[in-house]
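Visitor:
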Amino acid sequence: MDDHSRAFSITSFVLGIASVVSGWTFFAPITGLVFGVLALRRNTRDRALALWGVWLNAIMLAVWVLAGSLAVAALGFGALAHLWAF
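Just so we're aligned: the sequence shown equals residues 1 to 86 in the working numbering.
1. DSSP state of Asp46, grouped into three classes?
2. Counting only the same chain and skipping the five closest in sequence on each side, list residues whose C-beta sits under 6 Å from that of Asp46.
3. Counting C-beta neighbours from all protein chains within 10 Å, is the total for Val54 16 or more, i.e. buried, or is it exposed?
4. So Ser19 and Leu49 are supposed to be a Cβ contact under 8 Å. How far apart are they, rounded?
5. What number of angstroms, rounded off, separates the C-alpha of Leu15 from the C-alpha of Leu51?
6. If you reduce the DSSP assignment to three classes, tell me which class Gly53 lands in.
7. Among Asn43, Trp64, Phe13, Ser69, which residue has its Cα nearest to the Cα of Gly23?
8. What are the boundary residues of the alpha helix (DSSP H) that Phe26 is part of?
9. Between which residues of its own chain and Ala58 is the CB-CB distance below 8 Å, once the five residues before and five after are set aside?
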């Protein structure tokens, strides 16, 4: 087995945990997701760590997308309400 795939799975898992704990919501989860997928494609022995990393990072990205969508919707409704007030 390749040492890089082990490092990729550990990096993905650590970035996933750090994203959840510290609230990193965009760049760290994307990087962790990429490392997790690379580790899985290289058939790492640490498959569980890579899968946990992929899932944690994917959840944090989903939270970011949901929060961003809600913010855009709130701004849009606020702008519409402002226009209708006149």
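Note that CB positions come from ideal geometry on N, CA and C, so glycine has one too.
Guide: In terms of the structure at hand:
1. coil
2. Arg6, Ser9
3. buried
4. Rounded, the Cβ-Cβ distance is 15 Å, inconsistent with contact.
5. 13 Å
6. helix
7. Trp64
8. Neither: Phe26 is in no alpha helix (DSSP H) and is coded neither H nor E.
9. Pro29, Leu33
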